[in-house]
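**Student:** Counting from 2, one number per residue, gives the positions in the first sequence under my numbering. Glycine included, C-beta positions come from ideal geometry on N, C-alpha and C. There's a structure below that I have some questions on.
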Amino acid sequence: MPELPEVETVARGLRETILGRRILSVRLNKTDFIDDPAAIERNVPGRRIEAVERYGKFMLLRLSSSSDNDSGASLLVHLGMTGHLVPKPAAAPSEKHTHVWFALDDGRELRYTDARRFGRMAYLAGKELRDELQRFGAEPLDIDDAEFARRIRGRRARIKSLLLDQSVLRGVGNIYADESLWCAKIHPARLGSSLNARQAAALRRALQEILRKAIHLRGSSISDFLDAEGEPGNYQLHHRAYGREGKKCHRCGALIRRAIVAGRSSYFCPCCQPAPRGARALPLPKRVRRLPPNWAESRRLSAGRNAKGGAARL
DNA sequence: CGTTGAACCTGTTTGC
DNA sequence: TGCAAACAGGTTCAAC
2 MPELPEVETV ARGLRETILG RRILSVRLNK TDFIDDPAAI ERNVPGRRIE
52 AVERYGKFML LRLSSSSDND SGASLLVHLG MTGHLVPKPA AAPSEKHTHV
102 WFALDDGREL RYTDARRFGR MAYLAGKELR DELQRFGAEP LDIDDAEFAR
152 RIRGRRARIK SLLLDQSVLR GVGNIYADES LWCAKIHPAR LGSSLNARQA
202 AALRRALQEI LRKAIHLRGS SISDFLDAEG EPGNYQLHHR AYGREGKKCH
252 RCGALIRRAI VAGRSSYFCP CCQPAPRGAR ALPLPKRVRR LPPNWAESRR
302 LSAGRNAKGG AARL
């Protein structure tokens, strides 16, 4: 589910709702997605949430230091594909697949729910934390043309693979990789080293514009993304490539195609995004893929929220 | 270096 | 209708 814009949306929401709260206690259900469950039970209770930051697709809950050398001690939360982190009144019934409850000092609980448990949670401080964060690449919203070109044009891997590689850029996932490649008219199977400076610059610009706009619209809700208020995002209404196999390209009218690149479904316009040698799209399916279950619901909410601009059609 | 496929786990959609 | 296969926005690891 969550890529950079979705995680940013959740982080902003939490910043407004739980900043400054003290965590009184922790309750755990399944723990196979937690690095060291005992470390959380031991270190988190009694701490205050002093900041909520996003780092790539991670959320960092910065905790007040309890004593010694644990300054900057943080709770790292990665939502995986189906994770939700939402504060609820302690009396509210817990959703299915809730695995962590942080009791707050105001009668609420910050709850982590994750059906697939592809997420990750860890308590990290000091060098452990620094080492963990160091593994990741540049922040996509901050990177400049020179740095972007350095990280992309020197590589022989496919551009799609590079965009998804968290040690190259932190926070880009399948949706925003495809959307920015469509916008910059670059085929996902192109090699990083095959892009000229102009194309790299166009891609960096497309990526940043799309991420900013997606954050503005509170992320994309394809099936089950919900922000920290339990609301879906609206950016899925602006997708130009992702999930649009067999539909018309908004630029040229050709039918959007799908191919597996870097092991992931990749959507592109065969006309605007010319394929490198050997890259082939999958045959178009007989029937267009069905819309995700809460599409109508998302559209309804977006209609209310963005009253002015007729929401783009899928 | 880079690619591919499998694995982690559950829910939903698709295809026969 | 029913059931099995395919698929899902993520990451990691082994094997080649």
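Which term fits HIS100, buried or exposed, when burial requires 16 or more other beta carbons within 10 angstroms of its beta carbon?
**Tutor:** Looking at its Cβ environment, which holds 16 or more other Cβ atoms inside 10 Å, HIS100 is buried.
**Student:** Enumerate in chain order the residues of its own chain whose CB-to-CB distance from GLN237 is below 7 Å, with the five nearest sequence positions on each side excluded.
**Tutor:** Cβ neighbours of GLN237 beyond the five flanking positions: SER221, SER222, ILE223 and SER299.
**Student:** Once the 5 residues before and after LEU163 are set aside, which same chain residues still bring their CB inside 7 Å of it?
**Tutor:** The residues are ILE153, ARG156, VAL169 and GLY193.
**Student:** Could you give the distance in angstroms between the alpha-carbon of SER65 and the alpha-carbon of ARG199?
**Tutor:** Spanning the two alpha carbons is a distance of roughly 46 Å.
**Student:** Could you check if ASP115 is buried or exposed, using at least 16 other CB atoms within 10 Å of its CB as the buried criterion?
**Tutor:** It is buried - the Cβ of ASP115 has at least 16 other Cβ atoms within 10 Å.
**Student:** In terms of alpha-carbon separation, which member of CYS253, ILE211 and GLU230 lies closest to HIS239?
**Tutor:** Nearest C-alpha to HIS239: ILE211.
**Student:** Candidates ALA282, PRO6, GLY279 and HIS98: which alpha carbon is nearest GLU54's?
**Tutor:** Checked all of ALA282, PRO6, GLY279 and HIS98; the closest Cα to GLU54 is PRO6.
**Student:** For the beta strand (DSSP E) holding ARG205, just list the boundary residues, first then last.
**Tutor:** It is not in any beta strand (DSSP E) - ARG205 instead sits in the alpha helix (DSSP H) that spans 198 to 217.
**Student:** Buried or exposed, going by whether 16 or more other CB atoms sit within 10 Å of the CB of LEU318?
**Tutor:** Outside the modelled stretch of the chain, which goes from 2 to 315, sits residue 318, for which no answer is possible.
**Student:** My output table needs one value for LYS128: the three-state DSSP class, helix, strand or coil.
**Tutor:** If DSSP states are grouped into helix, strand and coil, LYS128 belongs with the helices.
**Student:** Mark ASN235 as exposed unless 16 or more other C-beta atoms lie within 10 angstroms of its C-beta, in which case mark it buried.
**Tutor:** Answer is buried; the Cβ neighbour count reaches 16.
**Student:** Taking 8 Å as the cut-off, decide whether the C-beta atoms of ILE24 and LEU105 are in contact.
**Tutor:** Yes, Cβ-Cβ distance for ILE24 and LEU105 is below 8 Å.
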